[in-house]
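Colleague: Residue numbers (our numbering), protein chains in the order written: chain U, 80 to 454; chain B, 80 to 454.
C-beta: ideal position from N, C-alpha, C; glycine also.
Number of protein chains: 2
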Amino acid sequence: MDPRIREHAEIIANHSVDLQEGDNVVVDAHPVAEDLVVALHEVIGDAGANPMTVSQRTGARQRRAFLRAADDDSEARSASNASGGTASFDTPEHELALIQNTDVYIAIRASDNVTQTADVDPETSAAYQQAHRPILEERLSTRWCLTQYPAPANAQLAEMSTEGYERFVWDAVNKDWDEQREHQANMVELMDPASEIRIKSGETTDVTMSIDGNPTLNDYGEHNLPGGEVFTAPQPDSVEGEVLFDMPLYHQGREITDVYLEFEGGEVVDHSAAKNEEVLTEVLNTDDGARRLGELGIGMNRDIDRFTYNMLFDEKMGDTVHMAVGRAYDDTVGEENEANDSAVHVDMIVDMSEDSIIEVDGEVVQEDGTFVFEE
Amino acid sequence: MDPRIREHAEIIANHSVDLQEGDNVVVDAHPVAEDLVVALHEVIGDAGANPMTVSQRTGARQRRAFLRAADDDSEARSASNASGGTASFDTPEHELALIQNTDVYIAIRASDNVTQTADVDPETSAAYQQAHRPILEERLSTRWCLTQYPAPANAQLAEMSTEGYERFVWDAVNKDWDEQREHQANMVELMDPASEIRIKSGETTDVTMSIDGNPTLNDYGEHNLPGGEVFTAPQPDSVEGEVLFDMPLYHQGREITDVYLEFEGGEVVDHSAAKNEEVLTEVLNTDDGARRLGELGIGMNRDIDRFTYNMLFDEKMGDTVHMAVGRAYDDTVGEENEANDSAVHVDMIVDMSEDSIIEVDGEVVQEDGTFVFEE
Chain U
80 MDPRIREHAE IIANHSVDLQ EGDNVVVDAH PVAEDLVVAL HEVIGDAGAN
130 PMTVSQRTGA RQRRAFLRAA DDDSEARSAS NASGGTASFD TPEHELALIQ
180 NTDVYIAIRA SDNVTQTADV DPETSAAYQQ AHRPILEERL STRWCLTQYP
230 APANAQLAEM STEGYERFVW DAVNKDWDEQ REHQANMVEL MDPASEIRIK
280 SGETTDVTMS IDGNPTLNDY GEHNLPGGEV FTAPQPDSVE GEVLFDMPLY
330 HQGREITDVY LEFEGGEVVD HSAAKNEEVL TEVLNTDDGA RRLGELGIGM
380 NRDIDRFTYN MLFDEKMGDT VHMAVGRAYD DTVGEENEAN DSAVHVDMIV
430 DMSEDSIIEV DGEVVQEDGT FVFEE
Chain B
80 MDPRIREHAE IIANHSVDLQ EGDNVVVDAH PVAEDLVVAL HEVIGDAGAN
130 PMTVSQRTGA RQRRAFLRAA DDDSEARSAS NASGGTASFD TPEHELALIQ
180 NTDVYIAIRA SDNVTQTADV DPETSAAYQQ AHRPILEERL STRWCLTQYP
230 APANAQLAEM STEGYERFVW DAVNKDWDEQ REHQANMVEL MDPASEIRIK
280 SGETTDVTMS IDGNPTLNDY GEHNLPGGEV FTAPQPDSVE GEVLFDMPLY
330 HQGREITDVY LEFEGGEVVD HSAAKNEEVL TEVLNTDDGA RRLGELGIGM
380 NRDIDRFTYN MLFDEKMGDT VHMAVGRAYD DTVGEENEAN DSAVHVDMIV
430 DMSEDSIIEV DGEVVQEDGT FVFEE
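(1) Looking at the structure shown, is T165 (chain B) part of a helix, part of a strand, or coil, going by DSSP?
(2) To be precise: take each residue of the stretch 118–143 of chain U, compare its Cβ to all Cβ atoms of chain B, and keep it if any distance is under 7 angstroms. Which residues remain?
(3) Could you check whether the Cβ of V116 (chain B) sits closer than 9 angstroms to any Cβ belonging to chain U?
(4) Apart from the five residues just before and just after V348 (chain B), which ones in its own chain have a Cβ nearer than 8 angstroms to its Cβ?
(5) By the three-class DSSP mapping on this structure, what secondary structure does M288 (chain B) have?
(6) Threshold first: 3 residues or longer. Then list the beta strand (DSSP E) segments lying entirely within the stretch 369–454 of chain U, N to C.
(7) Are the CB atoms of W256 (chain B) and H94 (chain B) within a distance shorter than 9 angstroms?
(8) Let me check one thing: in DSSP terms, what residues is V309 (chain U) bridge-paired to?
(9) Give the C-beta separation of D271 (chain U) and T241 (chain U) to the nearest angstrom, bearing in mind that I take them to be a contact with Cβ-Cβ under 8 angstroms.
(10) Just the Cα atoms here: how many angstroms apart are A455 (chain U) and L146 (chain U)?
(11) Let me make sure I understand the geometry here. Which of B:L225, B:T311, B:D382, B:S220 has the alpha-carbon closest to that of A92 (chain B)?
(12) Cβ of L236 (chain U) less than 9 angstroms from any chain B Cβ?
(13) Does DSSP put M131 (chain B) in a helix, in a strand, or in coil?
(14) Quick one: list the residues of chain B neighbouring R222 (chain U), beta-carbon separation under 8 angstroms, in chain order.
(15) Which value, in whole angstroms, describes the spacing of the CA atoms of T137 (chain U) and I84 (chain U)?
(16) State the CB to CB distance for the pair F450 (chain B) and M266 (chain B), rounded to an integer number of angstroms; the pair is presumed to be in contact (CB under 8 angstroms).
(17) Do I377 (chain U) and N355 (chain U) count as a contact pair if the criterion is CB distance below 9 angstroms?
(18) Are there 16 or more other CB atoms within 10 angstroms of the CB of F452 (chain U), so buried, or fewer, so exposed?
(19) With H, G and I counted as helix, E and B as strand and the rest as coil, what does DSSP make of E275 (chain B)?
(20) Rounding to the nearest angstrom, what Cα-Cα distance links L209 (chain B) and H120 (chain U) in this structure?
(21) Using CA coordinates, which residue listed in U:A312, U:V117, U:L304 is at the minimum distance from G292 (chain U)?
(22) Anyone know if the C-beta pair for S134 (chain U) and V133 (chain B) falls short of 9 angstroms?
(23) Tell me the DSSP bridge mates of G320 (chain U)?
(24) What in chain B is Cβ-close to D169 (chain U), meaning under 7 angstroms?
(25) Rounded C-beta distance between D420 (chain U) and G368 (chain U)? I'm assuming under 8 angstroms.
(26) Using the three-state DSSP reduction, which class does N93 (chain U) fall into: helix, strand or coil?
(27) Short of 7 angstroms in beta carbon distance, which residues of its chain neighbour D409 (chain B), apart from the five on each side in sequence? Order them along the chain.
(28) Hey, V248 (chain U) and Q227 (chain U) are a contact pair by Cβ (cut 8 angstroms); roughly how many whole angstroms apart?
(29) Could you tell me whether the Cβ of T165 (chain U) comes closer than 9 angstroms to any Cβ of chain B?
(30) For the beta strand (DSSP E) that A230 (chain U) lies in, which residues bound it at each end?
(31) Run the CB neighbour count on N233 (chain B), radius 10 Å, all protein chains shown included, and call it buried at 16 or more, exposed below.
(32) Rounded C-beta distance between V322 (chain B) and T284 (chain B)? I'm assuming under 8 angstroms.
(33) Compare the C-beta of I90 (chain U) against all C-beta atoms of chain B and say whether one is closer than 9 angstroms.
(34) Against chain B, with Cβ distances strictly below 9 angstroms, would P213 (chain U) count as a contact?
(35) Can you give me, in chain order, the residues of the stretch 180–196 of chain U that have a beta carbon less than 7 angstroms from any beta carbon in chain B?
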């Protein structure tokens, strides 16, 4: 077995989820990630914990089969009794009971075809996810981790060779996370007490926002592996200016390029995109919160040196910032402050490596990708 | 997808486990059985039930990794504190909670290497199984089914081509089970009220036993798919005579051929084998019950027309009988009768297709593989 896989497993267990003797562990993985699942079982055996492997979140082909059959079935019922045609789902009590008794939940993203659910009705998927919401909430109450195995289909999505993508993933994941945490802590120290942030890049992007009273968090590879960002929430009414997101955005299987947003009083008052602008319009029209920012993040994992159409990596790319329209994370909003609420949370990325600055309360803290604390 | 896979899934759902709307279903399968797992998800979606896929019973490579790591770990602990070197295991509460909330449990045997656990310490495996006993008992209280997917490694064990083995498995599984049940009911009608059974085959085999008061059961593809036997328990003290089991026996990875047993007062008083006789001796010396019969079965699935080193199939082979030394199944023992008890249950098979008869209370009911009710 590639020694990087065993190292990945050890980082998950010892750094991300702090595996303990007696822990009841669920590993949720597609079979293409088998090597990492096996390595995790070695680490779990070493620790004296109890492993169980499922393919619930990750088994896309079987989920597609189930959802399409449920759909056909409800259409057939609908035709016979005219009681509406969308499939409905129960919260599966057995899966809920499993997760309620789980201490550690490890989800390994990997696929043999990233478009496996392309022909599932989005409304059916949404109904299924809605029924699974209590299970999702239980997962989030465990010591959980979401990570990536570099399967060939994921390399293909990234437009990379499999070997090249393996190197990319394991360089980003198998890091000295203490060192990364300390590096990022420098930026948290600057942002956490600050009021105003200004992002300038190229000829178009120049935006200011207030983060006054909102905590800045340090993501160093715990719930997300790789980690590598510091992030907070802007005050919903405070955003002013314009942003050109020059990294592509991949939303529900469609690529949106060169997203441009203009803000007044926190709200998006103008927008455009070079490709698939109508998808962007649809996102912004979801609800009121979808036209305001819910997150500002600073990507600080320099081993993530390219865009791979995978937000688990893209938003942590070194020398980038990202802003999300839509829902703010609760723990990034101070008690006194308003949290932006929305059904969506869509991240968009600005390259900050050239002709760019980040200002915190009027002080330049990053210029062309170099932080003040690096000089 | 091969239409025989969908048919297999429908038989599991509609015949074996009687799938109902709202059922919480666990499918336990190795990834090589993915096509059947997907077909089951279609059928489960049709039924409006809730599927969940695990690879607990079937994920041999990950279990090997876990058990070996647990072993090394306990050896390390033992070296440091001298408290004994065998790994110990807890009953995983999350897995138990899952199965306690499960209505239907479907285990699909399939492997990419049937000798995957060859280098796991048998004592460690036994300790692991012991810890999982409450989970096994919960599984047996669901509507459960054990079946086989014809993976290449299983074909190799059977010494068959993959295509040939696929045909073999699906011929044995995708049957008209109502017809098979009726065919077998003829034999149940003869045996259930009977007292004495005599099995004669070739020059050596001639054995009599009492089944007085013990129910004869009809296995037509419910818990085991394929099914295809009728079976009961002999009275432990009643077996007299000698048997040459001319079909090979595969026990814990070792083949035993031409097992010969001589019975007096129910007990094995002499035994031999052409190959691996010492393994047979070991089995018979397990405990007192291991030297007495716990089962007599009549194989009646004529689509199983060859020996494949897989007891799920072999014991149902048409024109055979099998006898097991060791533990009797509770539901084959009448309330007034004694049940043979043992830690083992090892089935052995006699070919009845030539120069053979089965007598029930002195009447010949089968001769050279043909039943009286077939004439």
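Modeller: In this structure, then:
(1) Under the three-state reduction of DSSP, T165 (chain B) is assigned to coil, being neither helix nor strand.
(2) Of all residues in the stretch 118–143 of chain U, H120, E121, I123, G124, D125, G127, N129, P130, M131, T132, V133, S134, Q135, G138, R140, Q141 have a Cβ within less than 7 angstroms of some Cβ in chain B.
(3) For V116 (chain B), at least one C-beta of chain U is nearer than 9 angstroms to its own C-beta.
(4) Answer for V348 (chain B): E341, F342, listed in chain order.
(5) In the structure shown, M288 (chain B) sits in a strand (DSSP, three-state: E or B).
(6) You should have 372–378, 399–405, 424–430, 435–439, 442–446.
(7) Yes, the pair counts as a contact, with Cβ atoms nearer than the cut-off.
(8) Under DSSP, V309 (chain U) forms a beta bridge with U:N297, U:I377.
(9) Contact flag wrong, Cβ pair sits at about 41 angstroms.
(10) Given that chain U is displayed from residue 80 to residue 454, the structure contains no residue 455 (chain U) and the question cannot be resolved.
(11) Of the residues B:L225, B:T311, B:D382, B:S220, the one whose Cα lies closest to the Cα of A92 (chain B) is B:L225.
(12) No, L236 (chain U) lies away from the interface with chain B (no Cβ there is under 9 angstroms from its Cβ).
(13) In the structure shown, M131 (chain B) sits in a strand (DSSP, three-state: E or B).
(14) None at all; the shortest Cβ gap to chain B is about 13 angstroms.
(15) Inter-residue distance for T137 (chain U) and I84 (chain U) is about 19 angstroms (C-alpha atoms, whole angstroms).
(16) Yes, they are in contact, since the Cβ atoms of F450 (chain B) and M266 (chain B) sit about 7 angstroms apart, within 8 angstroms.
(17) Not closer than 9 angstroms, so no.
(18) F452 (chain U) should be labelled exposed.
(19) Under the three-state reduction of DSSP, E275 (chain B) is assigned to strand.
(20) One point to set straight first is that residue 209 (chain B) is Gln, not Leu, in the sequence displayed. Distance between Q209 (chain B) and H120 (chain U), taken at the CA atoms: about 19 angstroms.
(21) The shortest C-alpha separation from G292 (chain U) is found at U:A312.
(22) The Cβ atoms of S134 (chain U) and V133 (chain B) sit closer than 9 angstroms to each other.
(23) Per DSSP, U:V286, U:F342.
(24) Within 7 angstroms of the CB of D169 (chain U), the CB atoms of chain B belong to G101, N129, in sequence order along the chain.
(25) Rounded, the Cβ-Cβ distance is 5 angstroms, consistent with contact.
(26) Looking at N93 (chain U) - three-state DSSP - the assignment turns out to be helix.
(27) Around D409 (chain B): A418.
(28) About 6 angstroms; that satisfies the 8 angstroms criterion.
(29) Among the CB atoms of chain B, none fall inside 9 angstroms of the CB of T165 (chain U).
(30) No beta strand (DSSP E) contains A230 (chain U), which DSSP labels as neither H nor E.
(31) So N233 (chain B) counts as buried.
(32) About 5 angstroms separates the two Cβ atoms, so the contact holds.
(33) Answer no: the Cβ-Cβ gap between I90 (chain U) and chain B never drops below 9 angstroms.
(34) Taking CB atoms only, P213 (chain U) has no neighbour in chain B less than 9 angstroms away.
(35) Cβ contacts with chain B: N180, T181.
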